[in-house]
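Engineer: Structure in structure tokens, see below.
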Amino acid sequence: MKKKNVNRMKKLGSFIKSKLALSIFILTSCISMQAQNTITGTVRDAKTAQIPGVTVTVKGTTNATITDFDGSYKLNVANSKEILVFSYIGYTTIEEAINDREVINVSLNEESNALNEVVIIGYGSVKKSSTTGAISSLKAKQLDSQSNTNLGSAIQGKVAGVSVESAGGSPGSGTRIQIRGAGSLNNNTPLILVDDIQVASMNSLSPNDIESIEVLKDAAAAAIYGSRAANGVVIITTKSGKKGDIKVSLDVFGGYSTVTKQLSLLNQEEWAKVSNAAYAAAGKAPLPISLNPEVGGAGVNYQDGIFRAAPTQNYSLGFSGGSDNLKYSMSLNYFNQDGVVKETNYDRFNIRVKSDYKKGIFKIGETILLTKEKRKELPGVPGQGSNVVGAAITMIPGFAVYNEDAVGGYGGASGPVTDIFNPIAALNLFDVTSDTYQALLNTYLEANFFDGFKYKLSVGATVSDYKRDNYSPRYEVGGFFKNLDNDLTHLDQFNLYTQVENTLNYTKSFGKSYVNALAGYTVYNNTFKSVTSSVSGIPDNIYTLSGAVQPAANGFNTESNLVSYLGRVIYSYDSKYTLSATIRRDGSSRFSQNNKWGDFPSVSGAWSIGKENFFTNLKTPITDLKLRASYGVLGNQEIGDYQYLGLITSGISYGAGEPNTLWSGNIQTNYPAVGLKWESTATSDFGLDLDLWSGKLQYTFDYFKKQTSDLLLRVPIPLSVGSSDNPYTNAGNVSNKGYEMSLTYNEKIGDFNFNITGNISSIKNNVDELSTGSQVIEGGKGSFHGAPVTYSKVGYPIYSFFLVDTDGLFRSQAEIDAYKKDGKPIQPNAQIGDIRYIDYNGDGEINGEDRQYKGSAFPKFEYGMRFQGDWKGIDFTLALQGTQGNKLYNGNKTDLETVRANINYSSATLDSYTFNPNSNFPRLDIDDKNNNGADYSDRFLEDGSYLRIKTIQVGYTIPNSITKQVSIDRCRIYFAGDNLYTFTKYTGYNPDVSADALGGRGVDYKSYPLSKTILFGLQINF
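Here it is as structure tokens:
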């Protein structure tokens, strides 16, 4: 009985204790809850946009939350004396004391220390502070600050050591890129990768899709790509999805483009005056069209006839989002641009899908990019005009545009002035259109099998189908140009590029050491097919190859393969000392069996002095200081396929035997280059990276030298050999050396944030050796019928200008009589007012042998500057870009300032010696026996230096308090102007010209003019 009572008492005691403990817990909890405060607020960036995913933590505790999709947060704190810590990747962490506040709104600034940025390298990524090579990086925000119609143009002037030139100026023509000078006489185009797959150019990409652009400039950075990277590497990474709810972005802009200038030409009355004077000087009667100059009037301004205000429009729509395991990004882009020359147009549509999915140790992903491009191209024209622009500036203004009695309805030149085709007729008669369909697909599988090991298999392809139609109807233009049938030429080109890449990566940290090792095996294949078909006599305005007469077709196929083994080891100790070694072994089908393989190694190192104890103890404003050095060898195989084989072309017809009998035969079209080997480039680089005041001021300097040997060149062979094409051989050395600097300053003054960036580069190019049999290689021509004006010669830059020197005008007969060699006149046909040429070689004659070096198309300096600032929702961007010390040959002047019967002239002829004896412009003479118009003289060589206002943009972001009422996260409107003004002494359309071939660089002959663009845009984020 007592035992039962004891048990009952124990149970009662336990019950009372438990109830008492529960009561105490509830009481203290209530007290605690009453003591806690709820803090709310919003986190924004410097541009007042909300930032989702920011971690808000009570300092010194684990009490934390994150901001939601609109940047807002709510957090309970124990007391009002706590401190909140706001942190987010890529932004500077800040602390805010509560101080009895219930609402705390903060603004985070992006991390400004450039040395902590992550940059993409070959087959991986590293922090910039860990790089040992010369790498420049552009992020999306640097591209988004201007309304880019072309990706190549968007990077112009932004990266030191990178030269970007217009590739023609017409809509869709894009740009040409060169990294650290021209190291080859053959090909200087860099390797361009989009999400790890090679593309021919970046012109078809939408700038809105770009997350970052990395430029690998030295061998240490580029050697992992081997022979494909001889001219540097441009790595383009498209935008990826991020964890969070779906985000929608819309970017729309539209505007107009106009030519920046017109050439100053003569009207009809002025032309007749000049023409009559030129004919009179030769003792000839004037042309019928110029008999009465005073009644000729202005005539037709053919530049006005072909130029227009051309509309541009762009629509980009993007979607992105994701979870812990799945992330995605999709975009649609439509871009349409009319050319400033009438009847020219570029139309592009892009679809992009990018996603990745992670499950366990595996991760898969893909990039799909589909592009459709349509171009209406600038047509060529018969005769000396070459193209519509050339015809417009040389067409005599006295000829009418239209003639109802002519086939086709257009007027033109007649009589002795018949060599220029009516440019307006060409725009409306000829139809040159092209369509390009391109698909890019790259998929990958990653597997993290063991600690530190990651295997990646990447399989990708690009497919391109290019179709071009050139239609010419029946016409009669003037008294010289006729086409009796409707003609059509169709070109169809198909290109398939595939790649398979296997890489194994190992990363491990132990103690103060860090190791990153990479090994890989890759296979690349490229197949190209081309077919050209032409017909005559097709029905009016019906583009068909069937049912016509005189059909003709020809074509060819090529295929090449590249197999590679690669490896890289990066070792870092204590984040102060970094060493990197890379090796790549490439095997190419373009070389014969004995020379198929090339080895391309590199080694580099970096020392972060700023992290040394002795340096940090100095208490300087220097946050970080790093020295870099590298050396490596890269290769070049860009010679086309089958060069080591003797190619035979069949179907050639020969006349033999009985009269009018043709026999089909074969001809050797390629002389085999059996001993041909890799062109190689050895590159050394010494660099410095400096960071001051925690990223407020950043400075980078590089000195580099590139030595290219075994140049791949075509050398002339006698026709008796039996080949119709000159073979390739290894025949010379070229060197480039120079320096590049970039400087960035970031500042925040109250609500005003701004940064200023600038870069400058200087490169000296030199041909060190040529072993082609001739010590000179001809380059580009300066006129329609003329001789080359650029040459590659030992001791001078690639394709320099070698021209005969002019020495003013002969002002008296005494000067002419005194200019002799061994008693004989050097210029026997000279008259007062003619040009005096320098007899450089002293042989008593003026000819091409008197050419001297007169400069290079490569500038002594290239530079760029950008200012970007924002204040309370208003943002402003100014970008400048230019060159200094380069020469341009104004080939248009060989026509416009040389009086001939069949063309218009420059207004400068009105101030010639004929009308003004004090002028430096030579006298007018239609016979020109002194050859004042010699295109091999320096008369037409000009200073090509320029400074361009590349971009001005002003934007305004509507306050979020307004936009959130309609569920819009961000809304920005902006105004932009591109190529607004160019400061230059050059008298042509555009100092930023580029010919199709390297030898024509710096030669401006009837090029498409530069246009300036005014745009208005709208950006919305949901």
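If you read the sequence shown in the numbering used here, its first letter stands for residue 16, the second for the next number, and so on.
Each residue gets a CB set at the ideal place from its N, CA and C atoms; glycine is no exception.
A quick note: this is a predicted structure, and the numbers were derived from the prediction, not measured.
1. Below 7 Å CB to CB, which residues in the same chain sit around K34 once its five sequence neighbours on both sides are set aside?
2. Whose C-beta lies closer than 6 Å to the C-beta of M756 among residues of the same chain, with five residues either side of it excluded?
3. Per DSSP, which one or two residues make a beta bridge with S102?
4. Along the chain, where does the alpha helix (DSSP H) containing L911 start, and where does it finish?
5. Just checking, does the region 138-149 make contact with the region 925-941 on the three C-beta pairs under 8 Å criterion?
6. Thinking C-beta only, is W286 closer than 7 Å to N770?
7. Helix, strand or coil: how does DSSP classify P616 here?
8. Using CA atoms only, rank isn't needed, just tell me which of A237, D706, D725, S102 is closest to Y760.
9. Tell me the residue span of the alpha helix (DSSP H) that contains K288.
10. Should Q352 go down as buried or exposed, given a rule of 16 or more other Cβ atoms within 10 Å for buried?
11. Can you list, in chain order, the residues of its chain with a C-beta nearer than 8 Å to that of G312? Leave out the 5 residues immediately preceding and following it.
12. Write down the C-beta distance between G423 and P488 rounded to the nearest angstrom, noting that I regard them as a contact closer than 8 Å.
13. With which residues is V263 paired in a DSSP beta bridge?
14. Let me check understanding here. Comparing Cα to Cα, which of Y588, S151, A567, D614 lies closest to Y580?
15. In the DSSP assignment, what residue or residues form a beta bridge with M345?
16. Can you give the beta carbon distance from A845 to N945, rounded, assuming they're within the 8 Å contact cut?
17. Excluding the five sequence neighbours on either side, which residues of its own chain have a C-beta within less than 7 Å of the C-beta of A923, listed in chain order?
18. Is it true that the CB of Y852 sits closer than 7 Å to the CB of I861?
19. For W693, count neighbouring C-beta atoms within 10 Å of its own C-beta (all shown protein chains included) and say buried if the count is 16 or more, exposed if not.
20. When we look at the beta-carbon of N20 and count the other beta-carbons within 10 Å, is it buried (16 or more) or exposed?
21. Mark L633 as exposed unless 16 or more other C-beta atoms lie within 10 angstroms of its C-beta, in which case mark it buried.
22. Opposite I304 in the DSSP bridges: which residues?
23. Between A991, R938, K908, which lies nearest to S952 when the distance is taken from Cα to Cα?
24. Hey, could you find the ends of the alpha helix (DSSP H) N443 is sitting in?
25. Does I663 pass the burial test, meaning 16 or more other C-beta atoms within 10 Å, or should it be called exposed?
26. Classify S590 as buried or exposed, calling it buried when 16 or more other Cβ atoms lie within 10 Å of its own Cβ.
27. Quick check on R915: does DSSP put it in helix, strand or coil?
28. What is the residue span of the beta strand (DSSP E) that D60 lies within?
29. If you follow the alpha helix (DSSP H) that D983 is in, where does it begin and where does it stop?
30. In the DSSP output, what is S449 paired with across the bridge?
31. Report all residues from its chain with a CB closer than 7 Å to the CB of L158; omit the five preceding and five following residues, and keep chain order.
32. Look at the alpha carbon of G879 and the alpha carbon of D993, and state the distance between them as a whole number of angstroms.
33. Say whether the region 289-300 touches the region 363-381, bearing in mind that this needs 3 or more beta-carbon pairs closer than 8 Å, one atom from each stretch.
34. Between T542, K471, K721, L703, which has its C-alpha nearest I778's C-alpha?
35. Pairing CB atoms from the region 470-479 with CB atoms from the region 402-410, are three or more of them under 8 Å?
36. Quick check: the region 190-208 against the region 570-587, are there 3 or more CB pairs under 8 Å?
Structural biologist: In terms of the structure at hand:
1. Note on K34: pLDDT 40, under 50, position unreliable in the model; no value is reported.
2. F716, I775
3. S102 is bridged to T70.
4. Taken as a continuous stretch (DSSP letters only), the alpha helix (DSSP H) holding L911 covers 908-911.
5. These segments do not touch.
6. no
7. In this structure, P616 counts as strand in the three-state DSSP scheme.
8. D706
9. 283-296
10. buried
11. N282, Q283, E284
12. 7 Å
13. Note: V263 sits in a beta bridge opposite F334.
14. D614
15. F334, V368
16. 5 Å between Cβ atoms; contact.
17. E912, F936
18. The Cβ atoms of I861 and Y852 sit closer than 7 Å to each other.
19. buried
20. Because the pLDDT of N20 is 44, which lies under 50, any placement of that residue in the model is unreliable, and the number read from its coordinates should be weighed accordingly. Burial call: exposed.
21. With fewer than 16 other Cβ atoms within 10 Å, it is exposed.
22. In DSSP, I304 forms no bridge with anything.
23. K908
24. 438-444
25. exposed
26. Classification for S590: exposed.
27. coil
28. 52-60
29. The question names Asp, but residue 983 is Ile in the sequence shown. First-last for I983: undefined, no H or E at that position.
30. Beta bridge pairing from DSSP links S449 with R390, R483.
31. A169, P222, I225
32. Taking the straight line joining both Cα atoms gives about 15 Å.
33. no
34. K721
35. Verdict: no, contact absent.
36. no
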